[in-house]
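>
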Amino acid sequence: AEGFLVTGRSEADLDRKDHGFSYLTDAPKTAALNFLAQDKNPALRDTADFFYSYFRDHPVIFGMHLEITGHCNERCLHCYLPRPEKAAVMPLSMARDLLDQLQAMGTVSVTFSGGEPFTHKQFAEMLIYARNNDFSINILTNGTLIRNEIIPVLKQVNLNMVQVSIYSMDPDIHDRITQHRGSLRKTLAATEKLIASGIPVQISCPVMRINKDSYTGVAQWARQHQVRVLSDFIMMARTDFDTGNLAYRLSIDETGQLIRNIINEDETYQAILAAEPPAGDAARKAEQPVCGVGVDNACVNAEGNVYPCAGFQGITLGNVSQQSLADIWANSEALKTLRAVTNASFPQCLNCAANDYCAMCLVRNFNESGGDIFAINEHYCKVAFLTKDLVAGTAGN
28 AEGFLVTGRS EADLDRKDHG FSYLTDAPKT AALNFLAQDK NPALRDTADF FYSYFRDHPV
88 IFGMHLEITG HCNERCLHCY LPRPEKAAVM PLSMARDLLD QLQAMGTVSV TFSGGEPFTH
148 KQFAEMLIYA RNNDFSINIL TNGTLIRNEI IPVLKQVNLN MVQVSIYSMD PDIHDRITQH
208 RGSLRKTLAA TEKLIASGIP VQISCPVMRI NKDSYTGVAQ WARQHQVRVL SDFIMMARTD
268 FDTGNLAYRL SIDETGQLIR NIINEDETYQ AILAAEPPAG DAARKAEQPV CGVGVDNACV
328 NAEGNVYPCA GFQGITLGNV SQQSLADIWA NSEALKTLRA VTNASFPQCL NCAANDYCAM
388 CLVRNFNESG GDIFAINEHY CKVAFLTKDL VAGTAGN
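Okay, so the sequence shown: first residue is 28 according to the working numbering, each after it adds one.
#1: Out of curiosity, what's the CA-to-CA distance linking N332 and G170?
#2: Helix, strand or coil: how does DSSP classify L63 here?
#3: Based on Cα-Cα distance, which residue from L389, A380, D84 and V256 lies nearest to F401?
#4: As an exercise, report each continuous beta strand (DSSP E) stretch of at least 3 residues that is fully enclosed by the stretch 127–202, in chain order.
#5: Quick one: complete alpha helix (DSSP H) runs, 4+ long, within the stretch 241–274?
#6: For A353, tell me which candidate among R391, V234 and G321 has the shortest Cα-Cα distance.
#7: Take L26 as the anchor and find which of G338, S140, Q183 and G209 has the nearest alpha-carbon.
#8: Between K409, L167, K239 and G345, which lies nearest to P227 when the distance is taken from Cα to Cα?
#9: Between G225 and T364, what straight-line distance do the alpha-carbon atoms span, to the nearest angstrom?
#10: What span of residues does the beta strand (DSSP E) with E94 cover, start to end?
#11: Classify H252 as buried or exposed, calling it buried when 16 or more other Cβ atoms lie within 10 Å of its own Cβ.
#12: Under three-state DSSP, which class holds I400?
#13: What are the partner residues of Q229, as DSSP defines its beta bridges?
#14: How about the stretch 307–319 and the stretch 265–281: do they share at least three Cβ pairs that are nearer than 8 angstroms?
#15: For D240 and N358, I'd like the C-alpha separation in whole angstroms.
#16: Measure the alpha-carbon distance for A114 versus R366 and round it to whole angstroms.
#17: Between T205, I200 and Y194, which has its C-alpha nearest Q247's C-alpha?
#18: Quick check: the Cα distance between G345 and R110, rounded to an integer number of angstroms?
#19: What is the residue span of the alpha helix (DSSP H) that N9 lies within?
#20: Quick one: grab the DSSP three-state call for C385.
#21: Could you give the DSSP three-state label for S224: helix, strand or coil?
#22: Determine whether the beta carbon atoms of I342 and F373 lie at a separation below 9 angstroms.
#23: Distance, Cα to Cα, Y334 vs R212?
#24: Three Cβ pairs or more, each shorter than 8 angstroms: is that satisfied between the stretch 153–166 and the stretch 200–210?
#25: Given that a residue counts as buried once 16 or more other Cβ atoms are within 10 Å of its Cβ, and exposed if not, what is Y81?
#26: Note the first and the last residue of the continuous alpha helix (DSSP H) segment covering N288.
#27: Just the Cα atoms here: how many angstroms apart are R276 and Y407?
#28: Say whether the stretch 179–196 touches the stretch 214–223, bearing in mind that this needs 3 or more beta-carbon pairs closer than 8 angstroms, one atom from each stretch.
#29: Please look up how many angstroms separate the CB atoms of A325 and M91, rounded, as I've assumed it's under 8 angstroms.
#30: Can you look up V390 in the DSSP assignment and give me helix, strand or coil?
#31: Go ahead and label E391 buried or exposed: buried means 16 or more other beta carbons lie within 10 angstroms of its beta carbon, across all protein chains shown.
Structural data, given as structure tokens:
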């Protein structure tokens, strides 16, 4: 796809054509709709279908999520990770070994998170090692601990993206969610520092009842700084099946108002909603995996436990202290079971009128139901039909 692959007759030709990232361009990638999920672009759906089909038959860890520490300096109300009594910290030796194994397995992308990754004292060494192994590197952070001295390292490793969480431009609301006084001030300062340093940034703005009226302000701030803001308004139950955090989830009426705000603020989102859903092949769609779990991504936490994805920590596939990652990926019985799950595993959804507006998620099913990946929560269905109706209303105006 243009902007992702560069072609040339020599290495020098490639270097000449690849201009790298800059906020000074007319359309930096940070202003594009979720530049890490290009398959959402209608023009690339055929490519996405091809890769889904390929990875389904030839599972490869295309992207790995490394939770390098369980420690976090914030206490976000909606977080899907339980608060550990004693937070684990991934040893540098384990991180290096994992990065070597991933390189040998053909992994392309590595995402570092926690907890809060910047609490890890050897995070810089991990980033440099990942760069030396030639990975595309992403960081998920609250931004409050990004110091001036780490900026040169972040530039050196040529990050693909730093995702920063901002919940509101009102410090009372933002800090109430993080339960960390002064966190908005620190996060905004760090985000501006990253942007000024030419480091690609994306804002995550999970929306819940506390900040239900805050999305517009965050979106406007993001647009002024040429970065995108992504919103998750469904929320995920905790990995230990505790659903207490879902008390902050938006009601259907509140969700409808938020989607209207997103439509009003986001021209790219408007264009995608206006596009006709692909007609597709029903039989082909039925055979496709629901998501990339067990197909092209995985997660390893600070203790070396391997999970299907970052939120899917109710199923442990193995531990890298006892097995190689390749052995776990090839032989885990749990992974084999997950790989057999396709859209056809949800027959009630295949012919649903809101199917094109639904984002099925096995881990959300699993965490919220107490361990059943096939238990679809009615709330998700209501959101899908709501989105369908709002899109129809938008198209009619």
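We put the CB at the ideal spot given by N, CA and C, even for glycine.
Reading off the structure:
#1: Residue 332 sits at position 305 when you count from the first residue of the sequence shown. Residue 170 sits at position 143 when you count from the first residue of the sequence shown. Looking at the two C-alpha atoms, the distance is approximately 26 angstroms.
#2: Stepping through the sequence shown from its first residue, residue 63 is reached at position 36. Below a pLDDT of 50, predicted positions are generally treated as unreliable, and L63, at 41, falls in that range; no measurement from the model is reported.
#3: The residue you call residue 401 lines up with position 374 of the sequence shown. Among L389, A380, D84 and V256, the Cα nearest to that of F401 belongs to L389.
#4: Taken in chain order, the complete beta strand (DSSP E) segments of 3 or more residues contained in the stretch 127–202 are 136–140, 163–168 and 188–192.
#5: Annotation: the stretch 241–274 contains the following complete segments of the alpha helix (DSSP H) (minimum length 4 residues), in chain order: 242–251.
#6: Along the sequence shown, read from residue 1 onward, the residue named residue 353 stands at position 326. The candidate whose alpha carbon is nearest that of A353 is G321.
#7: Because the chain spans 28 through 424 in this model, residue 26 falls outside it and cannot be assessed.
#8: Residue 227 sits at position 200 when you count from the first residue of the sequence shown. The shortest CA-to-CA distance from P227 to any of K409, L167, K239 and G345 is the one to L167.
#9: Sequence index remark: in the sequence shown, residue 225 carries index 198 (1-based). Sequence index remark: in the sequence shown, residue 364 carries index 337 (1-based). The straight-line gap from Cα to Cα measures roughly 43 angstroms.
#10: Your numbering for residue 94 matches position 67 in the sequence shown. Start and end: G90 to E94.
#11: Within the sequence shown, the letter at position 225 stands for residue 252. Counting other Cβ atoms within 10 Å of its Cβ, H252 reaches 16 or more and is therefore classed as buried.
#12: Walking along the sequence shown from the start, residue 400 turns up at place 373. DSSP places I400 outside both helix and strand once states are collapsed to three, so it counts as coil.
#13: Here the question's residue 229 lines up with position 202 in the sequence shown. According to the DSSP secondary-structure assignment, Q229 is paired through a beta bridge with Q190.
#14: By the C-beta criterion, the stretch 307–319 is judged not to be in contact with the stretch 265–281, since fewer than 3 inter-stretch pairs fall below 8 angstroms.
#15: As a position in the sequence shown, residue 240 is number 213, starting the count at 1. As a position in the sequence shown, residue 358 is number 331, starting the count at 1. Counting only the Cα atoms, N358 lies some 47 angstroms from D240.
#16: For this step, residue 114 is matched to residue 87 along the sequence shown. For this step, residue 366 is matched to residue 339 along the sequence shown. One C-alpha to the other measures close to 31 angstroms.
#17: For the purposes of this step, residue 247 is taken as the residue at position 220 of the sequence shown. Minimum Cα distance to Q247 is reached at Y194.
#18: By one-based count along the sequence shown, residue 345 stands at place 318. By one-based count along the sequence shown, residue 110 stands at place 83. Each residue's alpha carbon lies about 22 angstroms from the other.
#19: Nothing about residue 9 can be read from this structure; the chain reaches only from 28 to 424.
#20: For the purposes of this step, residue 385 is identified with residue 358 of the sequence shown, where counting begins at 1. In this structure, C385 counts as coil in the three-state DSSP scheme.
#21: Start at 1 with the first residue of the sequence shown, and residue 224 comes out as number 197. Correct three-state label for S224: coil.
#22: Stepping through the sequence shown from its first residue, residue 342 is reached at position 315. Stepping through the sequence shown from its first residue, residue 373 is reached at position 346. Judged by their CB atoms, I342 and F373 are not nearer to each other than the 9 angstroms cut-off.
#23: The residue you call residue 334 lines up with position 307 of the sequence shown. The residue you call residue 212 lines up with position 185 of the sequence shown. Their Cα atoms are separated by approximately 34 angstroms.
#24: Touching, no.
#25: Start at 1 with the first residue of the sequence shown, and residue 81 comes out as number 54. Exposed: under 16 other Cβ atoms inside 10 Å.
#26: Position 261 of the sequence shown holds residue 288. Start and end: I279 to E292.
#27: The residue labelled residue 276 in the question sits at position 249 within the sequence shown. The residue labelled residue 407 in the question sits at position 380 within the sequence shown. R276 and Y407 have their C-alpha atoms roughly 12 angstroms apart.
#28: The answer is yes - the stretch 214–223 touches the stretch 179–196, with three or more Cβ pairs under 8 angstroms.
#29: Looking up residue 325 in the sequence shown gives position 298. Looking up residue 91 in the sequence shown gives position 64. Confirmed, Cβ separation roughly 6 angstroms.
#30: In the sequence shown, counting from the first residue as 1, residue 390 sits at position 363. Here DSSP, grouped into helix, strand and coil, assigns V390 to helix.
#31: Reading the sequence shown from its first residue, position 364 is the one you call residue 391. For clarity, residue 391 is Arg in the given sequence; the question names Glu instead. Around the C-beta of R391, 16 or more other C-beta atoms lie within 10 Å, and the residue is accordingly described as buried.
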